[in-house]
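So the structure is just underneath, and the comments pick up after that.
In my numbering, the protein residues as written are -5 to 80.
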């Protein structure tokens, strides 16, 4: 079974492969959770999307989040979803 560090690595690898060359910075691990049945890791990554707006440097830092479901045995990423904060 993958440990939390390995599962987070799989999520990060998947994220970077989908957004290769994309306008993203400051990707950080935010949350890690193993499901009760121990079959899946839920990994949340946060990042700062870069804006094409030259004045965006003067606005508050904005972070977005992606939630990944990683199979605990195979390391396969089975889903990636947006996380919205309420």
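For every residue, glycine included, the Cβ atom is placed at its ideal position computed from N, Cα and C. If you're wondering where the values come from, they're calculated on a predicted model, not measured in any experiment.
Less than 6 angstroms between C-beta atoms, sequence neighbours within five positions excluded: which residues of the same chain meet that for residue 60? So the qualifying residues of the chain are 39, 74.
Take residue 7 as the anchor and find which of -3, 43, 69, 33 has the nearest alpha-carbon. 69
In the structure shown, what three-state DSSP assignment does residue 14 receive? coil
Among 79, 13, 29, 57, which one has its Cα closest to the Cα of residue 1? Out of 79, 13, 29, 57, 29 has the C-alpha closest to the C-alpha of residue 1.
Residue range of the beta strand (DSSP E) that includes residue 73: 71 to 77
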